[in-house]
Amino acid sequence: MPLDIQSIREQFPILKRKVNNQELVYLDNAASSQKPQIVLDKIDSYYKTINANVHRGIHTLSQEATEEMENTRSIVKEFINASKTEEIIFTKGTTDSINLVAYSIQELIQPDDEIIISHLEHHSNIVPWQILAERKKAKLKVIPIDKNGDLILDEYKKLLSEKTKILSVNHISNALGVVNPIKEIIDEAHKYNAYVLIDAAQSIPHTPINVQELDCDFLAFSGHKMYAPTGVGILYGKEHLLEKMIPYQAGGEMIKEVTFEKTTYQTLPFKFEAGTPNIEANIVLGTAIEFIKSIGSKNIEQHEQKILHYLTDELEKLDDIIIYAKNAKSRAGAVSFNFNLNGISSSDVGFILDKQGIAVRTGHHCTQPIMHYFGISGTVRASFGVYNSTEDIDKLIQGLKKAYQMLK
Ligand SMILES: *Cc1c(COP(=O)(O)O)cnc(C)c1O
35 MPLDIQSIRE
45 QFPILKRKVN
55 NQELVYLDNA
65 ASSQKPQIVL
75 DKIDSYYKTI
85 NANVHRGIHT
95 LSQEATEEME
105 NTRSIVKEFI
115 NASKTEEIIF
125 TKGTTDSINL
135 VAYSIQELIQ
145 PDDEIIISHL
155 EHHSNIVPWQ
165 ILAERKKAKL
175 KVIPIDKNGD
185 LILDEYKKLL
195 SEKTKILSVN
205 HISNALGVVN
215 PIKEIIDEAH
225 KYNAYVLIDA
235 AQSIPHTPIN
245 VQELDCDFLA
255 FSGHKMYAPT
265 GVGILYGKEH
275 LLEKMIPYQA
285 GGEMIKEVTF
295 EKTTYQTLPF
305 KFEAGTPNIE
315 ANIVLGTAIE
325 FIKSIGSKNI
335 EQHEQKILHY
345 LTDELEKLDD
355 IIIYAKNAKS
365 RAGAVSFNFN
375 LNGISSSDVG
385 FILDKQGIAV
395 RTGHHCTQPI
405 MHYFGISGTV
415 RASFGVYNST
425 EDIDKLIQGL
435 KKAYQMLK
């Protein structure tokens, strides 16, 4: 059954506002999503009713805040089908989750070990591994892409060896919307006993994820791209690996006993949660997941696929348009394109669209290596959320026609 997009839209108050006297058309969901009323209500009720520090107090508010936060941990565990709540760590976001792994795994990396990433990664899945490689004198290898934006899997298989220690790739590219065949990628890496991290920042809002079925060793994602507030993210990690890793940050909450001679650490997941967390956002992430579950990840995926194909078809009717990764084997979440006009940048297009109330992302999308590959400085990217309708796409196309007339 198709989703009732009108009733979903009504749950997002921001969609009623005007931008430059036009109704807002929000197509920048890969950067951050908007928040539904139940999420906004939960933030409000948290501060009005149970605000207190967690895991510390004997008093009622502290206990209730702790219970709610631990309840969200269970909701996350079920949402991604992890086997234990010990494997669910609250972080600040995807960037923080990846940095945690790249730092805390250092004792397991030896000189000459190899770390594999791909050409399709967000900077936050490149730079932490460069730093780790430099620190441990390990080598960083990169899976190449082809002109469709697909990873070249034959080349990937050639990069794998007994030296491969970690592989970290995204599930869906934020810049191109390419969906990587992660099950196959994970299985290949495991033949060499390499650990695999999946950057799920762009997949968790759009498609069901099952970590046990995927058998990934780590999974990272952000709350703010899945209808939750900013400042919360999740790192899933297999328990036996997390046990072997050193703490990321040190301080309160992550210790069992502290003396000046020696400190012993808390058990999982608290070993990786030093200091007072973002309690409000951590709790409200659970509400956002309940919102997604009330619609169904599979239904969201189907709806957004419809939008993606509708947009691709309509874009192709325009003059002088280049759509990147149009022929990739599988796509989701976003479409990246440019006008093929000399001297016109993606931000020129974005500026004219904004004047018509249409929010898209322009520039390199934190993926400069992809831009270098295509020989461009940036793209215009339209990315989707559950509330986007075909009317949004019609308005975008009208806006692009106007931009073309002004720029050509
Ligand atoms: C957004 C994004 C990140 C970074 O997420 P933050 O929330 O900024 O930490 C990493 N990888 C991908 C694929 C992303 O889309």
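The sequence shown: position 151 = 185 (my numbering), numbered continuously. Glycine included, each C-beta is placed from N, C-alpha and C at the ideal position.
Exclusion of ILE216 from the 8 Å shell around ligand 1 follows from its C-beta lying no nearer than that to any non-hydrogen atom of the ligand.
The beta carbon of PRO303 sits closer than 8 Å to those of ARG107, THR119, GLU120, GLU121, ILE122, ILE123, PHE124, LEU276, all from its chain and outside the five residues before and after it, given in chain order.
The beta-bridge partner set that DSSP reports for GLU57 consists of LYS52.
In terms of Cβ geometry, ILE77 and GLU324 do not form a close pair [threshold 9 Å].
A Cβ-Cβ separation of about 7 Å places ILE334 in contact with ILE326 under the 8 Å criterion.
Of all alpha-carbon atoms in VAL292, LYS272, ASN159, ASN85, the one lying nearest the alpha-carbon of GLU101 is that of ASN85. Annotated three-state conformation of ILE143 is coil, per DSSP. At least one heavy atom of ligand 1 lies closer than 8 Å to the C-beta of ALA65. With contacts defined as CB atoms closer than 9 Å, TYR60 and GLN68 qualify as a contacting pair. Closest in alpha carbon position to ASN54, among ALA393, LYS82, LYS173, GLY265, is ALA393.
Setting aside the 5 residues that flank it on each side, LYS305 is surrounded in the same chain by PRO281, MET288, TYR299, each with a C-beta closer than 7 Å to its C-beta; the list follows chain order. Taking 9 Å as the cut-off, the beta carbon of ILE329 is found closer than this to the beta carbon of LEU37. Taken atom to atom, the span from the alpha-carbon of ILE216 to that of GLY257 is near 21 Å. Looking at the DSSP output, GLY397 bridges to THR413.
Taking the Cβ atoms as the reference, SER138 lies roughly 44 Å from MET35, outside the contact range of under 8 Å. If you look at GLY384, you'll find it in the alpha helix (DSSP H) that goes 380–389. Between ILE268 and ALA254, the C-beta spacing is below 9 Å. As computed with DSSP, ASP233 is found in a beta bridge with ASN204, ALA254. Rounded to the nearest angstrom, the gap between the Cα atoms of GLN45 and THR321 is 14 Å. Not one heavy atom of ligand 1 lies closer than 8 Å to the C-beta of CYS250. Straight through space, the alpha carbons of GLU291 and GLY367 are spaced by roughly 46 Å. With contacts defined as CB atoms closer than 9 Å, ASP233 and ILE132 qualify as a contacting pair. Secondary structure of THR94 (DSSP, three-state): helix. Note that the C-beta distance between ALA235 and THR128 is below 9 Å. Annotation for ALA368: the continuous beta strand (DSSP E) segment containing it runs 368–373. Distance from VAL230 to ILE220 at the Cβ level is roughly 5 Å; contact confirmed, criterion being Cβ atoms closer than 8 Å. When secondary structure is reduced to three states using DSSP, VAL213 falls in the strand class. The DSSP-derived three-state label of LEU345 is helix.
Bridge partners of PHE124 according to DSSP: ILE268.
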